[in-house]
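As structure tokens, the structure follows; a few thoughts come after it.
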Amino acid sequence: MADITYLEAGRLALAEEMDRDPLVWALGEDLGRGGVFKQYDGLQARFGANRIVDTPISEATIMGAAVGAAMNGTRPVVEMRFSDFALCAVDELVNQAAKARYMFGGQTRVPLVVREPIGMWRSSAAQHSQSLEAWYAHIPGLVVTVPATPADNYALLKAAIRSDDPVVHMEHKNLWALKGPAAETDAPAEFGRGVVRRKGSAITIVTWSAAVWTALDAAAAMGVEGIDIEVIDLRTLWPWDRELVLDSVSRTRRALVMHEAVQAGGFGAEIAATIAEELHHRLDGPVRRLGAPRAPVPYAPPMEDQLKITAGDVCRAVKVALGAA
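Per the UniProt record's numbering, the very first residue in the sequence shown carries number 1; after that it's consecutive.
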């Protein structure tokens, strides 16, 4: 199976959905030039400026136009360039798109996708490095996707475009160049289905997005020491795969939830609480969490590194959970 990059997978998914459905279109700043990361490279030449639409520099305008267009029958894909910039349009997304289906008694849907690049990447600093997935998972009416592989970026973006509800599709900037196998089929993914990336018996690590690869690095290192770690990639945060997580932790009897986002108020707390509530009688120790400190992301690389969750951090947290540290 030919390899494809995470970035190419997203571009391919969008192009195929635009070929399949003439109501699919994309809008955002600089899309005609390919987008800030070149996710849209060549698409305006292929589909025209009426379907790959360059917009003014106004996130609220972009999102508001997309919400209205979605309610009128089209399927817009909104490019926010950075997840941080989407905060300028959060009213249109949270108070309008997420609630319209409920407030109109199901008489209208808002089938739009909001692409939000997340995470730390090349000293992007405090206003371009945030991982705010927990904010959106908190909002009723929104679906939240967090792909970690090229195949999942492809399949989940297809699912997002075909969804009749608004989807926040969060692509990690540090994964753009990641190469991996292409999806086995052109079928969309199913929301709420995680996957076991590595089987193990000592402890379950639950994570998502780029942190999946950090967890796998840690699991490989701990394997050398004879500690067998199971790693779960949730793939979507809302809905999230409770059954997969609870089944895994019921076998390993220990759990560590980790993510790049700030630990305080992170979505990992929801998962940890659910595990504790459902499996408290079967656990061999408390559920552990690992996330970033509650601090702005610095520009200087040495300072930025202090906020990153590394494989070494994960290994230390695992040893604490196992009572080995």
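Backbone N, C-alpha and C define an ideal beta-carbon position, used for all residues, glycine too.
{"Item": "Three or more C-beta pairs below 8 Å linking the stretch 178-185 and the stretch 4-18", "Value": "yes"}
{"Item": "Helix, strand or coil at Arg-288 according to DSSP, with G and I counted as helix", "Value": "strand"}
{"Item": "Terminal residues of the alpha helix (DSSP H) in which residue 336 lies", "Value": "It is not possible to answer for residue 336, since the shown part of the chain is limited to 1 through 325."}
{"Item": "Cutoff 6 Å; reference Thr-149; Cβ partners in own chain excluding five residues on either side", "Value": "Gly-180"}
{"Item": "Any 3 or more C-beta pairs closer than 8 Å across the stretch 258-267 and the stretch 283-303", "Value": "yes"}
{"Item": "Opening and closing residue of the beta strand (DSSP E) in which Ala-261 lies", "Value": "255-262"}
{"Item": "Reference Pro-140, options Tyr-102, Ile-309, Pro-111 and Trp-121, closest by Cα", "Value": "Tyr-102"}
{"Item": "Bridge partners - Pro-301, DSSP secondary structure assignment", "Value": "According to DSSP, which records beta bridges pairwise, Pro-301 is partnered with nothing at all."}
{"Item": "Opening and closing residue of the beta strand (DSSP E) in which Val-143 lies", "Value": "143-145"}
{"Item": "DSSP three-state assignment for Glu-190, whether helix, strand or coil", "Value": "coil"}
{"Item": "DSSP bridge partner residues for Thr-236 (one or two, in chain order)", "Value": "Thr-145"}
{"Item": "Integer-rounded CB distance, given that Asp-284 should sit under 8 Å from residue 328", "Value": "The displayed coordinates of the chain run from 1 to 325. Any statement about residue 328 would go beyond what the structure contains."}
{"Item": "Inter-stretch contact (C-beta, 8 Å, three-pair minimum) for the stretch 213-233 and the stretch 102-120", "Value": "no"}
{"Item": "Member of Thr-214, Asp-165 and Asp-241 whose CA lies at the smallest distance from the CA of Thr-274", "Value": "Asp-241"}
{"Item": "Contained beta strand (DSSP E) runs [length at least 3] in the stretch 43-131, N- to C-terminal order", "Value": "52-54, 75-79 and 113-115"}
{"Item": "Neighbourhood of Ala-219 by C-beta distance below 6 Å, restricted to the same chain and skipping five residues each side", "Value": "Arg-198, Ile-229 and Val-231"}
{"Item": "Identity of the residues DSSP links to Lys-179 by a beta bridge", "Value": "Thr-5"}
{"Item": "Sequence-distant residues of the same chain with beta carbon closer than 6 Å to Arg-51, five excluded per side", "Value": "Trp-25"}
{"Item": "Cβ pair Lys-38, Trp-121 closer than 8 Å", "Value": "no"}
{"Item": "Proximity below 8 Å, CB of Val-143 to CB of Asp-165", "Value": "yes"}
{"Item": "Pairwise C-alpha distance: Gly-192 and Asp-217", "Value": "25 Å"}
{"Item": "Cα-Cα separation between Val-53 and Glu-29, rounded to whole angstroms", "Value": "8 Å"}
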